[in-house]
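Trainee: Questions regarding the structure given below will be posed in turn.
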Amino acid sequence: MNLLKYKKEVTAIITAVTVSYCTLNYRVTRPNALAVLKDGKTIGYIRSTADYQNAKDNLINYIKGNFSSYDLADEFNIKRVKVPDSMILTEAEAENVLLQNSETEVESAALLIDGKEIATIESEEEGNKIIQGVSKYYIEKSGLKDIKETKVLSQITYNKAMNPLSEIREANLVIKDIIKRNDNNNLIKISFSGIKTENVKISPATRTIWTNEYVIGTVITKQNGKAGLKEVDKLITMENGAIKISKTAGSRVINESIDKVVAVGTKNPILAGIAFLSTPSRGGITSYYGYRWGRLHKGIDIGARTGTPIYAAADGTIESASWDRGYGNLVKISHGSGIETLYGHTSKMVVKAGQKVKKGQLIAYVGSTGHSTGPHLHFEVRLNGNSVNPLKYLR
Ligand SMILES: [Zn+2]
-5 MNLLKYKKEV
5 TAIITAVTVS
15 YCTLNYRVTR
25 PNALAVLKDG
35 KTIGYIRSTA
45 DYQNAKDNLI
55 NYIKGNFSSY
65 DLADEFNIKR
75 VKVPDSMILT
85 EAEAENVLLQ
95 NSETEVESAA
105 LLIDGKEIAT
115 IESEEEGNKI
125 IQGVSKYYIE
135 KSGLKDIKET
145 KVLSQITYNK
155 AMNPLSEIRE
165 ANLVIKDIIK
175 RNDNNNLIKI
185 SFSGIKTENV
195 KISPATRTIW
205 TNEYVIGTVI
215 TKQNGKAGLK
225 EVDKLITMEN
235 GAIKISKTAG
245 SRVINESIDK
255 VVAVGTKNPI
265 LAGIAFLSTP
275 SRGGITSYYG
285 YRWGRLHKGI
295 DIGARTGTPI
305 YAAADGTIES
315 ASWDRGYGNL
325 VKISHGSGIE
335 TLYGHTSKMV
345 VKAGQKVKKG
355 QLIAYVGSTG
365 HSTGPHLHFE
375 VRLNGNSVNP
385 LKYLR
């Protein structure tokens, strides 16, 4: 019987299985990292003792470099473990985890704004950086340039004390926190001044040329005006994001404006014999200008029914619209250069003294008020107070 040989083979197989099982088992459970423990609790995983030592050395260097007074504690333990690679911290992460969990006491400062405690920070110097950072935020947001006179209106104080490293907050995070909290209340007030440049339109001026080339009442635009542009520097004082004072500090013309030029006629149409009046009312002439029964009839009479509209014969200003014993309801319009038109015996007047009217604008209605024998419009034209024959000037 080859029993011995059989036994050997079985033993060999068992040995082979055992060895490969152990190899496999070892591969699964072999430690690949160090668990860093703080008071028996794992706070993170580091690849090697060298990495751990590096992180610890860096932490100690940081403490020694930034704090004048400290009380180093040997506070972490390590243990070999097996974890997925993804859980192992980088060197920078490891340093941060040690820092965040360190209860080593260091002389640090509480930052107070108007007596209110905001955060525990490394030092007063760090506090100044924080306040500068907050100021910088508001200044950049304002868009002002040539910044002068940055002032912190709130009272900044520091309380020095021994605090655990884990309580010390990073400057950039404190800056963000102050800005965020300042949106809701007045945590800190920062005042600063600077220049803001604005583009401002220059309105064109109007230049008038008085000319005998045109009859009075004529206004002709000779040149269209064009707006110009200037840069205006405003010296602005702000508190946080609000403008407190704004004043002009200077300006520069970029484009000059172009004046509007108008020609205004000065030629007297009566002296020049120019027909410039429009007929004031519908109706036929019932009485002309001139002597009538030995007396001067100073105007023309236009026969029309009561209520027929009466229009201004030319542009002008209502001199009066009032009662006269002879003329009844009388409208007088002044046209400049001593020229007036009169509209008598009206039933109703719709204009008031001082009002500007255009040629053809409704001013009254035909009537028979005052010394009148029936409804008609008595229309008169005067130059320097003397009546002239209206027919010469009616178109
Ligand atoms: Zn008359």
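Mapping the sequence shown onto our numbering, position 392 (from 1) lands on 386, and the numbers just tick up by one.
Glycine included, every Cβ here is placed at the ideal spot set by N, Cα and C.
List in chain order the residues whose CB is within less than 6 Å of at least one heavy atom of ligand 1.
Mentor: In chain order, the qualifying residues are Ser281, His291, Gly293, Asp295 and His372.
Trainee: Give a single yes or no on whether glutamate 87 has its beta carbon closer than 6 Å to a heavy atom of ligand 3.
Mentor: Because ligand 3 does not appear in the structure shown, any question about it cannot be addressed here, the ligands present being ligand 1.
Trainee: Helix, strand or coil, according to DSSP, for leucine 28 in the structure here?
Mentor: Walking along the sequence shown from the start, residue 28 turns up at place 34. Three-state result, leucine 28: strand.
Trainee: Taking 7 Å as the limit between beta carbons, can you name the residues of its chain near glutamate 89, skipping five residues before and five after?
Mentor: Reading the sequence shown from its first residue, position 95 is the one you call residue 89. Around glutamate 89: Ala49, Asn52 and Leu53.
Trainee: Within the chosen definition, does the region 150 to 160 reach the region 194 to 204 through at least 3 CB pairs nearer than 8 Å?
Mentor: Not touching, per the Cβ criterion.
Trainee: What separation, rounded to the nearest whole angstrom, lies between the Cα atoms of valine 360 and lysine 386?
Mentor: The sequence position of residue 360 within the sequence shown is 366, counting from 1. The sequence position of residue 386 within the sequence shown is 392, counting from 1. Approximately 23 Å, taken between the alpha carbons.
Trainee: Pull the bridge partners of lysine 142 from the DSSP assignment, please.
Mentor: Counting from 1 along the sequence shown, the entry for residue 142 is found at position 148. According to DSSP, which records beta bridges pairwise, lysine 142 is partnered with Ser187.
Trainee: I'd like to check one pair, leucine 377 with threonine 332: are the Cβ atoms closer than 7 Å?
Mentor: If you number the sequence shown from 1, residue 332 lands on position 338. If you number the sequence shown from 1, residue 377 lands on position 383. It should be pointed out that residue 332 corresponds to glycine in this sequence rather than to threonine. Cβ atoms of glycine 332 and leucine 377: closer than 7 Å.
Trainee: Using 7 Å as the threshold, is the C-beta distance between alanine 113 and arginine 163 below it?
Mentor: Within the sequence shown, numbered from 1, the residue matching residue 113 stands at position 119. Within the sequence shown, numbered from 1, the residue matching residue 163 stands at position 169. A contact, by the Cβ cut-off of 7 Å.
Trainee: When the Cα of isoleucine 124 is compared with those of Asn95, Asn178, Thr151 and Lys135, which residue comes out closest?
Mentor: In the sequence shown, counting from the first residue as 1, residue 124 sits at position 130. Selected option, being the one with the closest Cα: Thr151.
Trainee: Excluding the five sequence neighbours on either side, which residues of its own chain have a C-beta within less than 8 Å of the C-beta of isoleucine 304, listed in chain order?
Mentor: Position 310 of the sequence shown holds residue 304. If we look at isoleucine 304 and ignore the five residues flanking it on each side, its Cβ neighbours are Pro274, Ser275, Val325, Tyr337, Thr340, Leu356, Ile357, Ala358, Tyr359, Val360 and Leu371.
Trainee: Leaving out the 5 sequence neighbours to the left and right, which residues in its chain are closer than 7 Å to leucine 223 when beta-carbon positions are compared?
Mentor: Taking the first residue of the sequence shown as position 1, residue 223 is located at position 229. Only Asn193, Lys195, Ile196, Ile248 and Asn249 meet the Cβ criterion.
Trainee: Note the first and the last residue of the continuous alpha helix (DSSP H) segment covering glutamine 47.
Mentor: Taking the sequence shown and counting its residues from 1, one reaches residue 47 at position 53. Taken as a continuous stretch (DSSP letters only), the alpha helix (DSSP H) holding glutamine 47 covers 43 to 60.
Trainee: For the alpha helix (DSSP H) containing arginine 175, name the first residue and the last one.
Mentor: Translated into the one-based positions of the sequence shown, residue 175 becomes position 181. 165 to 178 is the extent of the alpha helix (DSSP H) around arginine 175.
Trainee: Could you give the uninterrupted runs of the beta strand (DSSP E) lying entirely in the region 66 to 141, keeping only those of 3 residues or more?
Mentor: Within the region 66 to 141, the complete beta strand (DSSP E) runs of at least 3 residues are 70 to 75, 99 to 107 and 110 to 115.
Trainee: With H, G and I counted as helix, E and B as strand and the rest as coil, what does DSSP make of glutamate 192?
Mentor: As a working mapping, residue 192 is identified with position 198 in the sequence shown. Glutamate 192: strand per DSSP, three-state reduction.
Trainee: Would you identify the three-state DSSP class for proline 158, choosing helix, strand or coil?
Mentor: Taking the sequence shown and counting its residues from 1, the one referred to as residue 158 is at position 164. In this structure, proline 158 counts as strand in the three-state DSSP scheme.
Trainee: Where in the region 303 to 340 do unbroken runs of the beta strand (DSSP E), each at least 3 residues long, occur, reported from the N-terminal end onward?
Mentor: Those beta strand (DSSP E) runs which fall completely within the region 303 to 340 and span 3+ residues are 303 to 305, 310 to 318, 322 to 330 and 333 to 340.
Trainee: According to DSSP, is threonine 231 part of a helix, a strand, or is it coil?
Mentor: Here residue 231 corresponds to residue number 237 of the sequence shown, with the count starting at 1. Reduced to three states, the DSSP call for threonine 231 is strand.
Trainee: Measuring only the C-alpha atoms, how far is alanine 86 from tyrosine 39?
Mentor: For the purposes of this step, residue 86 is identified with residue 92 of the sequence shown, where counting begins at 1. For the purposes of this step, residue 39 is identified with residue 45 of the sequence shown, where counting begins at 1. Rounded to the nearest angstrom, the two C-alpha atoms are 12 Å apart.
Trainee: Please report the distance separating the alpha-carbon of lysine 216 from that of serine 251.
Mentor: Working through the sequence shown from its first residue, we reach residue 216 at position 222. Working through the sequence shown from its first residue, we reach residue 251 at position 257. Cα-Cα distance, rounded: 16 Å.
Trainee: Rounded to whole angstroms, what is the Cα-Cα separation between glycine 259 and serine 381?
Mentor: Taking the first residue of the sequence shown as 1, we reach residue 259 at position 265. Taking the first residue of the sequence shown as 1, we reach residue 381 at position 387. Approximately 23 Å, taken between the alpha carbons.
Trainee: Where do the N-terminal and C-terminal ends of the alpha helix (DSSP H) with alanine 266 fall, by residue?
Mentor: Sequence index remark: in the sequence shown, residue 266 carries index 272 (1-based). That run of the alpha helix (DSSP H) goes 263 to 266.
Trainee: Have a look at Thr200, Ile37, Asn383 and Arg319 and flag the residue whose alpha-carbon is nearest the alpha-carbon of tyrosine 285.
Mentor: Here residue 285 corresponds to residue number 291 of the sequence shown, with the count starting at 1. The residue with the shortest Cα to Cα distance from tyrosine 285 is Asn383.
Trainee: How long is the line joining the alpha carbons of aspartate 68 and lysine 35, rounded to whole angstroms?
Mentor: Mapped onto the sequence shown, residue 68 falls at position 74. Mapped onto the sequence shown, residue 35 falls at position 41. Going by the C-alpha atoms only, they are around 15 Å apart.
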